[in-house]
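Residue numbers 167 to 319, in the working numbering, belong to the letters of the sequence shown in order.
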Amino acid sequence: MKCVLEYLNNILRICFYFDQDRNNYESLFHDFSLRKQLKSINRQYTREYIFQTSLFCACSMPMATLFVTQFVSSEKYIKNDFHCKKEALLMNKQRKRFMYLICCITRKEKSLKYCFLFFSGTYCNYYQSEYVEYIANELEPSKQKYFMEMKKI
167 MKCVLEYLNN ILRICFYFDQ DRNNYESLFH DFSLRKQLKS INRQYTREYI FQTSLFCACS
227 MPMATLFVTQ FVSSEKYIKN DFHCKKEALL MNKQRKRFMY LICCITRKEK SLKYCFLFFS
287 GTYCNYYQSE YVEYIANELE PSKQKYFMEM KKI
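As structure tokens, this is what we get:
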């Protein structure tokens, strides 16, 4: 189980830094929005691809949004090909307890801080937990800000 969490932590670290760079380099995403209106791009890519990329560019935290939407009900589900068109999970009581357990386990392991960040942000997005929010305050300031933004998704 720890190996799986370590791999997931590495993936989520990349997602975290991608979202940070997304906020720091908005002009790159803005340029795509302008460029997609050119006729050459419309011929080169399918309409669905341009729509999905535009949706991705419009999100302020696209990777966090992709992560959180895998745990929500079908009304809030955003279709994406990144997860092989898998249906979203509904957060029942058992999954809620399991996610809380993952938050507690990843908090104890300092090497899994990105897993803790994403799972605790997702957990607090749907359930109020003073304990999880309290331990999230121990994170670095940039990660605390990211955690607060994840709660709002």
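Ideal placement from N, C-alpha and C gives every residue a C-beta, glycine not left out.
Please check the pair residue 315 and residue 227, which I expect to be a contact at CB under 8 Å, by giving their CB distance rounded to whole angstroms.
6 Å
Presumed contact (8 Å Cβ cut-off) between residue 164 and residue 291, rounded CB distance
Nothing about residue 164 can be read from this structure; the chain reaches only from 167 to 319.
Under the assumption that residue 280 contacts residue 175 (Cβ atoms under 8 Å), give the Cβ distance between them as a whole number of angstroms.
5 Å
I need the boundaries of the alpha helix (DSSP H) containing residue 283, first residue and last residue.
279-292
For residue 276, the first and last residue of its enclosing alpha helix (DSSP H)
Residue 276 -> no alpha helix (DSSP H), and no H or E assigned at all.
Do you know offhand how far residue 217's Cα is from residue 259's?
35 Å
Going by the CB atoms, is the gap between residue 278 and residue 302 shorter than 9 Å?
no
Where the alpha helix (DSSP H) containing residue 171 begins and where it ends
168-190
Specify the secondary structure class of residue 295 as computed by DSSP and reduced to three states.
coil
Run the CB neighbour count on residue 265, radius 10 Å, all protein chains shown included, and call it buried at 16 or more, exposed below.
buried
I need the boundaries of the alpha helix (DSSP H) containing residue 232, first residue and last residue.
228-235
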